[in-house]
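Colleague: Read in order, the letters of the sequence shown are residues 2 to 488 in the numbering used here.
Glycine included, each C-beta is placed from N, C-alpha and C at the ideal position.
Model, not experiment: these values are computed from the prediction.
Below: one structure in structure tokens.
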Amino acid sequence: MSFINGKVPLRLKLIHGFGAVAFGVKDTGFSFFLLFYYSQVLGMDAGLVSLALLLALLVDAVVDPIIGNLSDRTYSRWGRRLPWLYAAPIPLAFAWVFLWTQPGAEAPTFLGLFGICVVVRLLLSACEVPSISLLPEITSDYVERTTLFRFRYLSGWLGGILMMIIAYGFLFTGESGLLNRDAYFTFGVIGAVLMVISVVGSALGQHKLVAQLPITKPAPFSLKACFSEITEAFSERAFLFFAAGGLAAYIGQGLNFSLSNYLNVFVWRLDATSLPGLPESVTGLSIYPLILFLSVVLMFNIVGPMHDRFGKPKSAAIGAIGGTILTIIPYSALLFGFWPELGSLTSLVMVFALLTIGNALNIVVMVSASSMIAEIVEAYLERTGVRAEGAFYSGNWLVQKCATGFGIFLSGQFLAFAALSSDATPDTVAPGVIDNLIILYAGTTAVLMLIAGYWLGRFPISREDHETRVAALSKSETTDPEARVFE
2 MSFINGKVPL RLKLIHGFGA VAFGVKDTGF SFFLLFYYSQ VLGMDAGLVS LALLLALLVD
62 AVVDPIIGNL SDRTYSRWGR RLPWLYAAPI PLAFAWVFLW TQPGAEAPTF LGLFGICVVV
122 RLLLSACEVP SISLLPEITS DYVERTTLFR FRYLSGWLGG ILMMIIAYGF LFTGESGLLN
182 RDAYFTFGVI GAVLMVISVV GSALGQHKLV AQLPITKPAP FSLKACFSEI TEAFSERAFL
242 FFAAGGLAAY IGQGLNFSLS NYLNVFVWRL DATSLPGLPE SVTGLSIYPL ILFLSVVLMF
302 NIVGPMHDRF GKPKSAAIGA IGGTILTIIP YSALLFGFWP ELGSLTSLVM VFALLTIGNA
362 LNIVVMVSAS SMIAEIVEAY LERTGVRAEG AFYSGNWLVQ KCATGFGIFL SGQFLAFAAL
422 SSDATPDTVA PGVIDNLIIL YAGTTAVLML IAGYWLGRFP ISREDHETRV AALSKSETTD
482 PEARVFE
């Protein structure tokens, strides 16, 4: 049974969610800045950079289920997850700084970039997989799980947005802007510090609750048994629906994040859009992170009511369809000549208004999908008698990382196909290049999100199914109530 019966205390929601800040820092770095840094700043071919990121993600995705299985089988007086959360953050911080520090400010070799990306991702997985695997153990309540995921996504996005504010508002300012290679070292150091504080702080905050010897001692780890268990877990029918929808959604997310700087600068000219009454240094790009923050706050307030009224599957479908429409509108209007003058205040306001609502709906899709995995855990437990939170959440990361990596890879290929050169500037790039980039991005995003909405909307576990299953499992399990109280 779960550690908590009934409502989860607010402070635990905050503490548990705080651990996701590290993931947000990593996601912002990899998705928004890494491709730009290594291609536009260091001069590596964008196609090769995106290929290195894809291969690193694939390696990480294969190893993730092993980390999840090891986490499930960790047997210590601090429980199954805490030893990982205390051991991994410090080496992760050093690897993260090294990723943004190139000796002599020269581009690394393809293998060098691939190697450091693998190290960073594996260490991040050693933090994130055990952390999120705690969630189904904390509570089995359908609504409270949604709330915990809301706080995790809020914290993750806030961590990423904080790094954007620091980057756009303090580090990448002046004439050089994002091309200021020296500022990337500081970017790496600040991110590393936030990662350590997030993971270790969250672990310490939950220590009293989860630092206890697991009720049953798992069998010793073996690679054969590990992959056998993973194969069986991933064959769970509900997981296959999640995987089909999640795969499309995560590819779209990877594509969107990695092209954001290109779209913001080359398409919408946010860096050249000044705001009346504010210093000239404050541009649309400066306040872009704040708009993302507003969209996350909007998501935080609508996802709970949506789940209550429609359930998680329908909420995911509604979010995917709505987010797709709002994402496609501005690009279609621009292509057909109906959009206001680029660089104008009207253009900026319209872009940000559509982005706020559209991004909120897209995050609803991700929250709904992630929350579905917790219900799969009990379905698998009922069928096999085995708790495998780590296996399923590492399966989520396997899907996410393969898909996100492919999305980033597509970004590099789209840039190459559109013929956007590494020395291009918004003032000199040909209009046809921008049109090609818009068509590739908008068309692919629409198809991917509609696929995601279709499969996630067909997820076979309803709230009623879950609550019936939890009630049946509660009757068959022997628990120690004194060990599961959180004061």
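What is the DSSP secondary structure of SER275, counted as helix, strand or coil?
Modeller: Strand, per DSSP.
Colleague: Between LEU149 and LEU136, which are expected to be in contact by the criterion C-beta below 8 Å, what is the C-beta distance as a whole number of angstroms?
Modeller: Correct: roughly 5 Å between the Cβ atoms.
Colleague: Looking only at its own chain, which residues have a Cβ that is under 6 Å from the Cβ of ALA245, when we skip the five neighbours before and after it?
Modeller: Cβ within range, chain order: TRP456.
Colleague: Do the segment 206-218 and the segment 76-85 make contact, defined as three or more Cβ pairs closer than 8 Å?
Modeller: Touching, per the Cβ criterion.
Colleague: Excluding the five sequence neighbours on either side, which residues of its own chain have a C-beta within less than 6 Å of the C-beta of GLY18, listed in chain order?
Modeller: Once the five neighbours on either side are set aside, the close Cβ partners of GLY18 are PHE152, ARG153 and SER156.
Colleague: Looking only at its chain, what residues have a beta carbon closer than 7 Å to the beta carbon of ALA53, apart from the 5 residues adjacent to it on each side?
Modeller: Answer for ALA53: PHE111, LEU114, PHE115 and CYS118, listed in chain order.
Colleague: Look up THR187 in the DSSP assignment and give the residues it is bridged to.
Modeller: Note: THR187 sits in no beta bridge, so no partner.
Colleague: Grab me the residues of ILE68's own chain with a C-beta within less than 7 Å of its C-beta, minus the 5 sequence neighbours each way, in chain order.
Modeller: Excluding residues within five positions, the ones whose Cβ falls inside 7 Å are SER126, ALA127, VAL130 and SER395.
Colleague: What is the DSSP secondary structure of THR217, reduced to helix, strand or coil?
Modeller: Coil.
Colleague: Using the Cα positions of GLY7 and TYR143, report the straight-line distance between them to the nearest angstrom.
Modeller: GLY7 and TYR143: Cα-Cα distance of roughly 11 Å.
Colleague: Indicate the three-state DSSP secondary structure (helix, strand or coil) for PHE4 in the structure shown.
Modeller: In this structure, PHE4 counts as coil in the three-state DSSP scheme.
Colleague: Output the distance between the C-alpha atoms of GLU483 and ILE5, rounded to the nearest integer angstrom.
Modeller: In this prediction, GLU483 scores a pLDDT of 42, lower than 50, which makes its location untrustworthy; no coordinate-derived value is stated.
Colleague: Would you call the segment 437-457 in contact with the segment 259-271, where contact means no fewer than 3 C-beta pairs closer than 8 Å?
Modeller: Yes, the segment 437-457 is in contact with the segment 259-271.
Colleague: In chain order, which continuous runs of the alpha helix (DSSP H) of length 4 or greater are located wholly inside the segment 407-469?
Modeller: Fully enclosed alpha helix (DSSP H) runs of 4 or longer: 432-458.
Colleague: Is TYR381 near the ligand FMN, in the sense that its beta carbon is under 7 Å from a heavy atom of that ligand?
Modeller: By its list of ligands, the structure shown contains no ligand whatsoever, and the ligand FMN lies outside what it can speak to.
Colleague: Assuming ILE231 contacts ALA392 (C-beta within less than 8 Å), just tell me the rounded distance between them.
Modeller: About 6 Å separates the two Cβ atoms, so the contact holds.
Colleague: GLY338: buried (16+ other C-beta within 10 angstroms of its C-beta) or exposed?
Modeller: Exposed, since its Cβ has fewer than 16 Cβ neighbours within 10 Å.
Colleague: Can you tell which of VAL352, ALA193 and GLY20 has its C-alpha closest to the C-alpha of HIS208?
Modeller: HIS208 has its Cα closest to that of GLY20, out of VAL352, ALA193 and GLY20.
Colleague: Can you tell which of GLY255, ALA419, ASP424 and ARG388 has its C-alpha closest to the C-alpha of LEU179?
Modeller: Looking at the Cα atoms, ASP424 is the closest of the given residues.
Colleague: What's the C-alpha gap between GLU342 and SER348?
Modeller: So the alpha carbons of these two residues sit roughly 6 Å apart.
Colleague: Ignore the nearest five residues each way along the sequence and tell me which others in ALA239's own chain have a CB closer than 8 Å to its CB.
Modeller: Hits under 8 Å: MET373, GLU376, ILE377, ALA380, PHE460, PRO461 and ILE462.
Colleague: Per DSSP, what kind of secondary structure is THR357 in: helix, strand or coil?
Modeller: THR357 falls in the helix class under three-state DSSP.
Colleague: Check whether the segment 400-414 and the segment 247-263 touch, using three or more Cβ-Cβ pairs below 8 Å as the test.
Modeller: These segments touch.
Colleague: Tell me the DSSP bridge mates of THR148?
Modeller: Paired residue(s): none; THR148 is not in a bridge.
Colleague: Note down the Cα distance separating ALA96 from GLN41, rounded to an integer number of angstroms.
Modeller: If you take the alpha carbons of ALA96 and GLN41, they lie about 22 Å apart.
Colleague: Leaving aside the five residues before and after MET164 along the sequence, list all residues of the same chain whose C-beta is less than 8 Å from its C-beta, in chain order.
Modeller: The answer, listed in chain order, is GLY25, VAL26, THR29, GLY30, PHE188, ILE191, GLY192 and LEU195.
Colleague: Assign THR284 to one of three DSSP states: helix, strand, or coil.
Modeller: Note: THR284 maps to strand in three-state DSSP.
Colleague: Identify which residue in LEU416, ALA220 and GLY406 has its Cα closest to the Cα of VAL387.
Modeller: That would be ALA220, whose Cα lies nearest to the Cα of VAL387.
Colleague: Measure the CB-CB distance between THR325 and ALA447 and report whether it falls below 8 Å.
Modeller: Against a cut-off of 8 Å, the Cβ pair of ALA447 and THR325 comes out as a contact.
Colleague: For PHE301, collect the residues of the same chain with a Cβ closer than 6 Å to its Cβ; drop the 5 residues on either side in sequence, then sort them by chain order.
Modeller: Excluding residues within five positions, the ones whose Cβ falls inside 6 Å are ARG151 and LEU155.
Colleague: With THR75 as the anchor, note down where its alpha helix (DSSP H) starts and where it stops.
Modeller: Unbroken run through THR75: none, as it is neither H nor E.
Colleague: Within 10 angstroms of the Cβ of ASP309, are there 16 or more other Cβ atoms? Answer buried if so, exposed if not.
Modeller: So ASP309 counts as exposed.
Colleague: Along the chain, where does the alpha helix (DSSP H) that runs through THR29 open and close?
Modeller: Start and end: 22-29.
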